[in-house]
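One structure is given here, and the rest of the page talks about it.
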Amino acid sequence: MSSLWPTGPLRVLVVGIDGVRLDLLPELETPHLDSVAAAGFLAPVEVDDATPTMSGPCWATITTGVGVAKHGVLGNHFGGNRLDVFPDFTTRLAAVHRRRTFAAGGWEPLFLARQGGPLFAAPGRLSYVAPVEDSPEAWEECDQRVTEEAVRVLGGADDPQASFVYLGAVDETAHFLGCGEEYRRSVETADQRLGRLLDAVRARPGYAEESWTVIVVTDHGHLDQGGHGGRSTVERTAWVAASGPGLPPGAPMETVRHVDVAAHVYAALEISPDPHWTLDGRPFTPALQPAPVG
Ligand SMILES: [Zn+2]
3 MSSLWPTGPL RVLVVGIDGV RLDLLPELET PHLDSVAAAG FLAPVEVDDA TPTMSGPCWA
63 TITTGVGVAK HGVLGNHFGG NRLDVFPDFT TRLAAVHRRR TFAAGGWEPL FLARQGGPLF
123 AAPGRLSYVA PVEDSPEAWE ECDQRVTEEA VRVLGGADDP QASFVYLGAV DETAHFLGCG
183 EEYRRSVETA DQRLGRLLDA VRARPGYAEE SWTVIVVTDH GHLDQGGHGG RSTVERTAWV
243 AASGPGLPPG APMETVRHVD VAAHVYAALE ISPDPHWTLD GRPFTPALQP APVG
């Protein structure tokens, strides 16, 4: 099993693509997501009964590693949250472990003190890009600028050890236009942006010596006509894809949950969670799960 364990500098990139339906992926051209899945896995995630199928609660769960009962984000207004006790991984790693972290995206409550946010309270570097208006086109432009910024940061001197990049245009397109042709094209465009991020990682001068974990994740699905928040199968079905050390291709999967994403980020950086964090998640594979103490 020793070959599973990395030797070089450890790095993690999490790419969050909002509102991507799992059932449509086989019909779409998503070569970059496919490459992550082929090198590791792509697994369905069911949004649990306690969690509204909304972006706020789901992204909070994904990035904190605890469920709504702890982080307290119950909708797309983040007011009343307990993120000070249960911070996202970019904030926790920067504060507790003095790691260089980075978060980027265009949805206000994730990045700004608006609507009860931010979710990403204090990453080492934060890049918020405002969409010029609330429209699918403006969100594509926003995601494009987020991607360009992330390419710069991932390839540059900041050298973040853990990053989260948020792409929101797919979800916005579904809300405006439903899950038709424009939505499908938007998913494919998001995949091209994922490709640019992966290229930026591979182009790093030290890439050959580095051990990268890449996680791509969506928060919820969408009804055919666009919209989510209910308990239907298409709304509550999300997914996670990941590759990296400890995740051999086709890694035998236990059930993957949203809370496992942050837990896996910590494991990929060889950080044992403090029991006081009371994480609800666990790394994706038993190989990376902490050995029992005592
Ligand atoms: Zn969402």
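Sequential numbering from 3 applies to the sequence shown in my numbering.
We put the beta carbon where it would ideally sit given N, CA and C, even for glycine.
Note that the structure is predicted; figures quoted are calculated from it, not measured.
Within the chosen limit of 7 Å, ligand 1 reaches the beta carbon of GLY21 through at least one heavy atom. Counting of Cβ neighbours within 10 angstroms places ARG101 among the buried residues, the total reaching 16 or more.
Pairing ASP136 with ARG116, the inter-Cα distance amounts to about 16 Å. In the DSSP assignment, the residues bridged to TYR168 are GLY18. In this structure, LEU281 places its C-beta atom within 8 Å of the C-beta atom of VAL68.
By the Cβ rule, the stretch 201 to 210 does not count as touching the stretch 179 to 191, because fewer than three pairs are nearer than 8 Å. Ranked by Cα distance from PRO288, the first of HIS278, TRP279, PRO277 and VAL258 is VAL258. In terms of side-chain proximity, the C-beta atom of ASP221 is found nearer than 7 Å to a non-hydrogen atom of ligand 1.
Note on ALA132: under 16 other CB atoms within 10 angstroms of its CB, so exposed under the neighbour-count rule. Around the beta carbon of HIS230, 16 or more other beta carbons sit within 10 angstroms, so the residue counts as buried. Rounded to whole angstroms, the gap between the alpha carbons of VAL16 and ALA105 is 9 Å.
Per DSSP, the unbroken alpha helix (DSSP H) holding GLY197 starts and ends at 183 to 204. Assigned with DSSP and collapsed to three states, VAL263 falls in helix. When DSSP states are grouped into helix, strand and coil, ARG127 belongs to the strand group.
Distances from the CB of ASP276 to the heavy atoms of ligand 1 are all 7 Å or more.
Under DSSP, the beta-bridge partners assigned to GLU48 are THR239. For VAL70, the CB contacts under 7 Å within the same chain, skipping 5 residues up- and downstream, are ALA52, THR53, PRO59, THR63 and LEU76 in chain order. For a cut-off of 8 Å, the C-beta gap from GLY228 to GLY180 is around 4 Å, short enough to register as a contact. For TRP214, the enclosing beta strand (DSSP E) covers residues 213 to 219. ASP145 has its CB no nearer than 7 Å to any heavy atom of ligand 1. Within the chosen limit of 7 Å, ligand 1 reaches the beta carbon of ASP173 through at least one heavy atom. Cα atoms of LEU85 and PHE91: separation of roughly 11 Å, rounded to the nearest angstrom. About 5 Å separates the beta carbons of GLY42 and ALA244, which is inside the 8 Å limit, making them a contact pair. The secondary-structure analysis by DSSP pairs SER245 across a beta bridge with VAL216.
As the crow flies, the alpha-carbon of HIS73 is around 6 Å from that of ASN83.
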